[in-house]
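S.K.: Input: one structure, supplied below.
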Amino acid sequence: MRTQVGIIGAGPAGLLLSRLLSLQGIDSVVLENRSRDYVEARIRAGILEQHTVDTLTAAGVGDRLRREGLEHSGIHLQYPGTRHTLDFPELCGRTVWVYGQTEVTKDLIAAQLAGGPPLLFEVSDVVPEDVDGDSPRIRFTDADGTPQVLECDVIAGTDGFHGPSRAVVAAGSAGAQVWERTYPYAWLGILADAAPATDELIYAWHPDGFALYSMRSPTVSRLYLQVDPAERIEDWSDDRIWEGLATRFALDGWEISTGPITEKSILPMRSFVSAPMRRGRLFLAGDAAHIVPPTGAKGLNLAVADVTLLATALTRLLKEKETDLVDTYSDTALRRVWRCTHFSWWMTSMLHTSGDDFDAQLQLSQLRRVCSSETAARELAENYTGLPIEG
Ligand code: APR
Ligand code: PHB
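Residues in the sequence shown are numbered from 10 upward in steps of one, following my numbering.
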């Protein structure tokens, strides 16, 4: 088998890259080790920045998003006694969209299977090889158990945090470095068949811990509670979860709406950055190179920003034989990665309680500042809705 770009991983990063390349007339093959059902059932975050919506629309996968997605013009920031609205169009002229990453993935897979480049599920033993030369290849075993070799011009490692590509980049790059922070809290997330009792998402600081009120549709709510990472989901009955949420979102004259919980799980939180994002002809994008905690809603958007840059750089390399953009890809991508890493860390640090009262007073001071200063609010709004993509 031969292709121009061998893509490892069919998450949003790999699928969108394949789509953007094919719009430029560049062929690719996507290799995924999980099944289609598994990939389409993974529940993840759900806020799309304006540039993400624009990119998906330009790539021809924005129809259902425009139909079923919910455009949001702000968020509510809450701390005891106050629920303050940040109006994004007023602060920075942009909006965001609520549309689950699961749905983005389904739309990309449907488009790929309807005449797009090959997408192979349930492959195993994926190994990128000879990435320092001009003719790298990917060895893998296909779903029938037959060993295969995919000869490529370039390989994209979009295989998420647990994929094999990052280690190959690090092993051959002098000065390769990793930065990591694990946080002393986790999120307990639920999906519930309950109409959201709020127009905008609510990010709530409370002495018991952070809570986030999000949604997936006019009839489905997505809610999160800060918990200790050692908590076990079995110890959280539906009643206990609703009580915790009602306490943390409490506000005079307002009531939470409850309904059957259809999914619940505990998610760890970490920041992680790996540099460089390239070794020779192997390029990393998305979770393969970086993880942010979900508080800033940046994970998916950052993956989309990476592949937007990468698609342009690979098009220039493969069509015009110019190496300038692939040579600057890692540094350019990492500048946005660090901006989003800072923003996600900052939102996380402002909103999650640690039990330390000095920290709590600093957090409340920061929240009052964001809710009273247009300058401070604008800084949050610009980062939340997504800064322009460089390059
Ligand atoms: N071979 C083939 N595919 C692999 C391998 C492997 N050895 N290891 C992992 N994969 C696949 C995973 O099964 C997954 O489908 O790579 C894909 C990576 O997808 P994601 O984890 O969704 O990562 P990415 O596409 O970068 O999307 C980033 O996902 O985790 C969220 O918050 C994150 O929203 C962000 C988005
Ligand atoms: C979500 O809807 O899942 C969601 C929304 C905002 C976040 C994180 C997750 O910051």
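Think of the CB as a built atom: it goes at the ideal place given N, C-alpha and C, for glycine as much as any other residue.
Suppose you measure from the CA of Leu254 to the CA of Ala213; what does that come to, to the nearest Å?
M.R.: Straight-line Cα distance between these residues: approximately 10 Å.
S.K.: Extract the residue ranges of the beta strand (DSSP E) inside the stretch 19 to 104, only unbroken runs of 3 or more that lie entirely within it.
M.R.: Within the stretch 19 to 104, the complete beta strand (DSSP E) runs of at least 3 residues are 37 to 40, 56 to 58, 79 to 81, 83 to 88, 91 to 96.
S.K.: Using 7 Å as the threshold, is the C-beta distance between Ala297 and Gly166 below it?
M.R.: Taking 7 Å as the Cβ cut-off, Ala297 and Gly166 qualify as a contacting pair.
S.K.: Check the DSSP bridge columns for Gly198 and list the partner residues they point to.
M.R.: Gly198 is bridged to Tyr233, Ser274.
S.K.: In the DSSP assignment, find the beta strand (DSSP E) that holds Arg148 and state where it starts and stops.
M.R.: Note, Arg148: beta strand (DSSP E), 146 to 150.
S.K.: Can you tell me which of the three DSSP states Ser283 falls into?
M.R.: Strand.
S.K.: Could you spell out the range, first to last residue, of the beta strand (DSSP E) harbouring Glu138?
M.R.: Here the beta strand (DSSP E) through Glu138 covers 133 to 138.
S.K.: Taking contact to mean at least 3 C-beta pairs separated by less than 8 Å, is the stretch 312 to 324 in contact with the stretch 12 to 29?
M.R.: Short answer: they touch.
S.K.: Could you name the residues of the same chain whose beta carbon sits closer than 7 Å to that of Ser274, not counting the 5 residues immediately before and after it, in chain order?
M.R.: Answer for Ser274: Gly198, Ile242, listed in chain order.
S.K.: Could you spell out where the beta strand (DSSP E) holding Glu160 opens and where it closes?
M.R.: Unbroken beta strand (DSSP E) run through Glu160: 156 to 160.
S.K.: Where Thr111 and Arg231 are concerned, what is the direct C-alpha to C-alpha distance, given to the nearest angstrom?
M.R.: When rounded, the distance between both Cα atoms is 13 Å.
S.K.: Checking 7 Å against the spacing of the C-beta atoms, do Leu334 and Arg325 come in under that value?
M.R.: Yes, Cβ-Cβ distance for Leu334 and Arg325 is below 7 Å.
S.K.: Do Val107 and Gly69 have their C-beta atoms closer together than 7 Å?
M.R.: Against a cut-off of 7 Å, the Cβ pair of Gly69 and Val107 comes out as no contact.
S.K.: Rounded to whole angstroms, what's the CA-CA distance from Asp153 to Glu131? Just pull it up for me.
M.R.: In a straight line, the C-alpha of Asp153 is about 9 Å away from that of Glu131.
S.K.: Taking 6 Å as the line, does the beta carbon of Ser223 fall inside it for any heavy atom of ligand 2?
M.R.: Ser223 Cβ: within cutoff of ligand 2.
S.K.: For Ala185, which residues of its own chain have a beta-carbon under 8 Å away from its beta-carbon, when the five flanking residues on both sides are left out?
M.R.: The answer, listed in chain order, is Val178, Ala179, Ser283, Ala284, Pro285.
S.K.: Could you check what DSSP says for Thr394 in three-state terms: helix, strand or coil?
M.R.: Of the three classes helix, strand and coil, the one that applies to Thr394 here is helix, per DSSP.
S.K.: Would you please state the rounded distance, in angstroms, between the beta carbons of Gly18 and Asp168? I believe it to be under 8 Å.
M.R.: Yes, they are in contact, since the Cβ atoms of Gly18 and Asp168 sit about 4 Å apart, within 8 Å.
S.K.: What distance in whole Å lies between the Cβ atoms of Tyr338 and Phe281, which are believed to be in contact at a cut-off of 8 Å?
M.R.: Incorrect: roughly 19 Å between the Cβ atoms, too far for contact.
S.K.: Give the secondary structure of Val107 by DSSP, where H, G and I count as helix, E and B as strand, and everything else as coil.
M.R.: In the structure shown, Val107 sits in a strand (DSSP, three-state: E or B).
S.K.: For Leu311 and His299, which I take to be in contact (beta-carbon distance under 8 Å), what is that distance rounded to the nearest angstrom?
M.R.: Contact flag correct, Cβ pair sits at about 7 Å.
S.K.: If I measure Cβ to Cβ from Leu373 and keep anything under 8 Å in the same chain, skipping five residues before and after, which residues do I get?
M.R.: Taken in chain order, the residues that qualify are Tyr88, Trp214.
S.K.: On the premise that Glu58 lies in contact with Gly395, defined as a C-beta separation below 8 Å, what is that separation, rounded to the nearest angstrom?
M.R.: Contact holds; Cβ gap of about 3 Å.
S.K.: Under 8 Å: do the stretch 43 to 53 and the stretch 71 to 81 share three or more Cβ pairs, one atom per stretch?
M.R.: At 8 Å Cβ cutoff, the stretches do not touch.
S.K.: With a threshold of 16 other CB atoms inside 10 Å of the CB of Thr357, please say whether the residue is buried or exposed.
M.R.: So Thr357 ends up on the buried side.
S.K.: Would you kindly report the start and end of the unbroken beta strand (DSSP E) that includes Met224?
M.R.: 220 to 226 is the extent of the beta strand (DSSP E) around Met224.
S.K.: Starting from the Cα of Leu234, find the closest Cα among Asp217, Arg225, Asp244 and give me that residue.
M.R.: Taking only the C-alpha atoms, the option nearest Leu234 is Asp217.
S.K.: Kindly examine ligand 3 and report whether one of its heavy atoms sits closer than 6 Å to the Cβ of Ala306.
M.R.: In terms of ligand content, the structure shown lacks ligand 3 and carries ligand 1 and ligand 2 instead.
S.K.: Consider the C-beta atom of Gly55 and the heavy atoms of ligand 2; say whether any pair is separated by less than 6 Å.
M.R.: Gly55: yes, Cβ under 6 Å from ligand 2.
S.K.: Beta-carbon separation of Pro156 and Ile147 under 7 Å?
M.R.: No, the Cβ-Cβ distance between Pro156 and Ile147 is not below 7 Å.
S.K.: Apart from the five residues on each side of it in sequence, which residues of its chain come closer than 7 Å, Cβ to Cβ, to Ser82?
M.R.: Correct list, in chain order: Asp96, Phe97, Pro98, Thr104.
S.K.: Find out if the Cβ-Cβ distance for the pair Asp36, Pro126 is shorter than 7 Å.
M.R.: A contact, by the Cβ cut-off of 7 Å.
S.K.: Determine the direct distance from the alpha carbon of Arg225 to that of His93, and round the result to whole angstroms.
M.R.: Straight-line Cα distance between these residues: approximately 22 Å.
S.K.: Looking at Thr271 and Trp2, is the spacing between their C-beta atoms short of 7 Å?
M.R.: With the chain represented from 10 up to 400, any question about residue 2 goes unanswered, as that position is not in the structure.
S.K.: Taking Leu200 as the reference, give the member of Phe219, Thr228, Glu189 with the closest Cα.
M.R.: Nearest of Phe219, Thr228, Glu189 to Leu200, Cα basis: Thr228.
S.K.: I need the boundaries of the beta strand (DSSP E) containing Leu210, first residue and last residue.
M.R.: Residues 210 to 213.
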